[in-house]
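Quick mapping for you: the protein sequence lines, in order, are chains A and B.
Going by our numbering, the letters in the first sequence line up with residues 1 to 10, in that order.
Going by our numbering, the letters in the second sequence line up with residues 11 to 222, in that order.
Every residue gets a Cβ at the ideal spot worked out from N, C-alpha and C, and that includes glycine.
Note sheet for the following structure.
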Amino acid sequence: MLSVAYKDEL
Amino acid sequence: MNVFRLTGDLSHLAAIIILLLKIWKSRSCAGISGKSQILFAIVFTTRYLDLLTSFISIYNTSMKVIYIGCAYATVYLIYMKFRATYDGNHDSFRVEFLVVPVGGLAVLVNHDFSFLEILWTFSIYLESVAILPQLFMISKTGEAETITTHYLFCLGLYRALYLLNWIWRFYFESFFDMIAIVAGVVQTVLYCDFFYLYITKVLKGKKLSLPA
Numbered sequence: 001m002l003s004v005a006y007k008d009e010l
Numbered sequence: 011m012n013v014f015r016l017t018g019d020l021s022h023l024a025a026i027i028i029l030l031l032k033i034w035k036s037r038s039c040a041g042i043s044g045k046s047q048i049l050f051a052i053v054f055t056t057r058y059l060d061l062l063t064s065f066i067s068i069y070n071t072s073m074k075v076i077y078i079g080c081a082y083a084t085v086y087l088i089y090m091k092f093r094a095t096y097d098g099n100h101d102s103f104r105v106e107f108l109v110v111p112v113g114g115l116a117v118l119v120n121h122d123f124s125f126l127e128i129l130w131t132f133s134i135y136l137e138s139v140a141i142l143p144q145l146f147m148i149s150k151t152g153e154a155e156t157i158t159t160h161y162l163f164c165l166g167l168y169r170a171l172y173l174l175n176w177i178w179r180f181y182f183e184s185f186f187d188m189i190a191i192v193a194g195v196v197q198t199v200l201y202c203d204f205f206y207l208y209i210t211k212v213l214k215g216k217k218l219s220l221p222a
């Protein structure tokens, strides 16, 4: 699971 | 970045611009659900708080700023500048029935019990149902202006393209986010009957009217 920092999608 | 996500973002941007121009040019927000627009402003605000904490790219930051700016500008036009043309009687969906369950679900089902992550999860769940007041309003009035149907088509298409983006990222980047995918499927499914009407009526030059 990706943390918020790596949320690269809009 | 892949072609599905880029076209998805551009479709989303097109929808936001179409709506803003429709209201601004016609100086009227007839047929537009102000409640849905408030929900979208909440979705963007709770999702893009990371603008303050992390920088990903110029594209990412500029799109987020544009989305938030347009969302609040649209809400301002509906509830302030052109409020005389706001059809509050038909915009009667009880949004608390959306916000409260979505808020509860975000606290219960998320990837990480942290403030920003719960807000992000809340915004993902809320976005999947944020269009319901608008679809409900169209079902009550029984019709929609053609420009509004184009807005809805672009808005529905954007998350459908994101579904393709997630399939692409699963195979090529072994990335997947179950919360975003499930909410994206729900969101796209909610547009299905509208898509059917749009393709069978609006694209054939007819006006979108529902059997009253």
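- Take the alpha-carbon of Gly98(B) and the one of Ser38(B): they are about 13 Å apart.
- Contiguous alpha helix (DSSP H) elements confined to the stretch 127–197 of chain B occur at 142–151 and 156–183, taking only those with 4 or more residues.
- Chain-order list of chain A residues neighbouring Arg169(B): empty, with the shortest C-beta distance near 11 Å, by a criterion of under 8 Å.
- Per the coordinates, the alpha-carbon of Val117(B) lies some 30 Å from the alpha-carbon of Leu16(B).
- Here the stretch 189–199 of chain B makes contact with the stretch 136–145 of chain B; the two share three or more CB pairs at distances below 8 Å.
- Contact between Trp130(B) and Arg57(B) holds: their C-beta atoms lie close to 6 Å from each other, under 8 Å.
- Residue contact check for Asn12(B) against chain A: no CB pair falls below 8 Å.
- Nearest C-alpha to Leu126(B) among Thr55(B), Ala40(B), Ile68(B) and Ile26(B): Thr55(B).
- Considering only beta carbons, the part of the stretch 59–77 of chain B lying closer than 8 Å to chain A consists of Asp60, Thr63, Ser64, Ile66, Ser67, Asn70, Met73, Lys74 and Tyr77, in chain order.
- In the three-state DSSP reduction, Leu62(B) falls in the coil class, being neither helix nor strand.
- Contact with chain A is found for Arg15(B), since one of that chain's Cβ atoms lies less than 8 Å from the residue's Cβ.
- Ranked by Cα distance from Ile191(B), the first of Pro111(B), Arg104(B), Arg169(B) and Tyr201(B) is Arg169(B).
- In the three-state reduction of the DSSP assignment, Leu220(B) falls in the coil class, being assigned neither a helical nor a strand state.
- What Asp19(B) touches in chain A, judged by beta-carbon distance under 7 Å, is Leu10, going in chain order.
- The Cβ neighbour count for Lys216(B), taken over all protein chains shown within 10 Å, is under 16; the residue is labelled exposed.
- Scanning Leu174(B), Leu108(B), Ile28(B) and Leu62(B) for the CA closest to the CA of Ala83(B) turns up Ile28(B).
- Sixteen is the threshold: when 16 or more other Cβ atoms of the shown chains lie within 10 Å of the Cβ of Tyr201(B), as they do, the residue is buried.
- Note on Met11(B): under 16 other CB atoms within 10 angstroms of its CB, so exposed under the neighbour-count rule.
- The C-beta of Asp101(B) has 16 or more other C-beta atoms within 10 Å across all chains shown, which makes the residue buried.
- Residue environment analysis places Thr158(B) among the buried positions, since at least 16 neighbouring C-beta atoms fall within 10 angstroms of its C-beta.
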